[in-house]
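Everything in the sequence shown is counted per the numbering used here, starting at 971 for the first residue and increasing by one.
Ideal Cβ positions, reconstructed from N, Cα and C, are used throughout, including at glycine.
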Amino acid sequence: MEQEIREYALDVGFDDVGYTTAEPFPQLTEALDERRSGYSWVSEGLLQIGSVADPRFVLPSARSIVILIYDYYKQAYPAQLEGSVGKAYQSRLYPGKKRLFGSRLRLIREFLQEKGMEVGFRPAMPERQAAVRAGVGQFGCNTFVYSPGRGSYIAIASLAVSGELEPQSSSPPSACKDSCNKCIEACPTGALYAPFKMDPLRCIAFNTYAPGNFPGTPDDIPYNIREKMGSWIYGCDICQDACPHNSKRLKQKLVPDAFLEEMAPKLAPQKLLTMSDLYYHSIVQPILYGYMWEKKFLQRNAAIALGNEGDPDAVDLLISALEDPQDMVRSYSAWALGRIGGRKSNFALEKALAGEEEEKVKEEIRSALENS
Ligand code: SF4
Ligand code: SF4
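Take a look at the structure:
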């Protein structure tokens, strides 16, 4: 059965398959308990810490976990998206009938069901821990999982199944040499504060999609993080790009991804900041990961990117965004104008302050004026 599943999974496009038992992952509970301050939003939010570590919360009859690895870095990533959108975007990663990854997963689920198994799946499965326990991955100090010979640009999915499958032996848990510290040194926000320890609240990737969007998360992106976000509008690859285990892959000559080459200019921050609902719903939203639920979050990130890039040509666009119906967009556009500075920005900020009714936006405008 294990061989049959493997062959089918490789046939539908996955790159590696592993099996482990459905026993809980106590190390994950311990790690989350130890770092509760960074994850305080989790218990109130989408996930529950206890359930993440126990596959039987997903499927009470679970006896095994099937782990599927998909290597998404098979085509060149558009230069225009480097430093702006995380490469995981290349995997069209999340479940959903119209998404590649979702379609592959659906095929595997149906295959397992045809073999008489119950199958449980949801994003809260402990995918990384399961991959390591099944011997198909190792943790890097940056907390990403590395697939031997492939690196960390992988998507992992795990399915809890009722069938008894022969578990594989665990990998050595770490992919890192003691002397390497490159990912920690490269992280601009200090989110990677020790080997294998990451504070999501300081992580750029997390801040591009969670604040104000996930229940329990802070409403705003802290000022000190905004400045360090650079041009990132969706995700962050810095600690993976810095890793020697990925460097060979990054130097490979790959064919361009035609779809993303076409998408890249459509994701420019100038386009996103003032996009219409139609643009968001027809072009951008259909290929988001599935958890950026309102366009204002991408507009916010676009404003931050434009502010950090400091391009005076973006000033007019940011000034027009001071009239956006969303408080969030007006607030972050004000922040960006303060960061770019100059007489034109200041004049627009003063005018906006006089006409602004929301106290929170007024505070942002005042702060922008002080800092410009
Ligand atoms: S994704 Fe970016 S911000 Fe987050 S830990 Fe890695 S380098 Fe730091
Ligand atoms: S950069 Fe070095 S320490 Fe960090 S994950 Fe890669 S090998 Fe490990």
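Strand pairing of residue i, partner residues [DSSP]
i       : result
Tyr1250 : According to DSSP, which records beta bridges pairwise, Tyr1250 is partnered with nothing at all.
Ile1208 : DSSP lists no partner for Ile1208.
Gly988  : Ile1037
Tyr1116 : Gln1108
Gly1121 : Ser1117
Pro1226 : Ala1046
Leu1129 : Val1036
Val1055 : Tyr1204
Gly1090 : Ala1130
Alpha-carbon to alpha-carbon, residue j and residue i
i       : j       : result
Ile1126 : Arg1309 : 38 Å
Asn1216 : Ser1122 : 7 Å
Leu1016 : Phe1317 : With a pLDDT of only 46 at Leu1016, under the threshold of 50, the placement of this residue in the model should not be trusted; the figure read from the coordinates follows. In a straight line, the C-alpha of Leu1016 is about 42 Å away from that of Phe1317.
Gln947  : Phe995  : Nothing about residue 947 can be reported from this structure: the residues present for the chain run from 971 to 1342 only.
Ile1078 : Val1055 : 29 Å
Arg1336 : Glu1320 : 8 Å
Glu1134 : Ser1034 : 6 Å
Glu1014 : Gly1280 : Its pLDDT being 45, under 50, Glu1014 is placed unreliably in this model, and the value from its coordinates should be taken loosely. Cα to Cα, Glu1014 sits roughly 37 Å from Gly1280.
Val1225 : Glu1232 : 14 Å
Lys1198 : Cys1206 : 11 Å
Ile1039 : Val1102 : 12 Å
Ser1303 : Gly1090 : 43 Å
Pro1256 : Lys1085 : 32 Å
Ala1322 : Leu1292 : 7 Å
Lys1330 : Ala1032 : 48 Å
Arg1300 : Ala1338 : 12 Å
Pro1142 : Gly1107 : 9 Å
Arg1196 : Thr1187 : 16 Å
Arg1092 : Glu1136 : 22 Å
Asn1177 : Ile1289 : 24 Å
Pro1282 : Met1245 : 20 Å
Cut-off 6 Å between Cβ atoms - residues of its own chain near residue i, not counting five sequence neighbours on either side
i       : result
Ile975  : none
Gly1182 : Asp1189
Met1262 : Tyr1179
Met1298 : Lys1266 and Arg1270
Glu1326 : Lys1332
Gln1138 : Gly988, Tyr989, Ala1104 and Gly1105
Asn1341 : Gly1308
Ile1154 : Leu1162
Phe1229 : none
Tyr978  : Phe1081
Gly983  : Arg1074
Gln1343 : Only positions 971 to 1342 of the chain appear in the structure, and residue 1343 is not among them; the question remains open.
7 Å Cβ shell around residue i - same chain, five flanking residues per side excluded
i       : result
Ala1272 : Ile1203, Pro1239, Leu1242 and Leu1243
Ser1201 : Gly1053, Ser1054, Ala1275, Asn1278 and Glu1279
Ile1208 : Ala1156, Cys1157 and Pro1158
Thr1113 : Phe1166 and Met1168
Neighbourhood of residue i by C-beta distance below 8 Å, restricted to the same chain and skipping five residues each side
i       : result
Asp1227 : Gln1045, Ala1046, Tyr1047, Pro1048 and Gln1060
Gln1296 : Lys1266 and Gln1269
Asp985  : Ile1039, Tyr1040, Asp1041, Ser1117, Arg1120 and Ile1124
(message) As a quick check of your reading: which residues have a C-beta less than 5 Å from at least one non-hydrogen atom of ligand 2, in chain order?
(response) Residues whose Cβ lies closer than 5 Å to any heavy atom of ligand 2, listed in chain order: Gly1110, Cys1111, Asn1112, Cys1146, Cys1150, Lys1152, Cys1153 and Cys1213.
(request) Only counting runs of 3 or more residues, tell me where the beta strand (DSSP E) segments fall wholly within the stretch 1132-1207, in order along the chain. (result) Unbroken beta strand (DSSP E) runs of no fewer than 3 residues, entirely contained in the stretch 1132-1207, are found at 1162-1164, following chain order.
(message) Ignoring anything shorter than 4 residues, give me the alpha helix (DSSP H) runs that lie fully in the stretch 1302-1330, in order along the chain.
(response) Runs found: 1313-1325.
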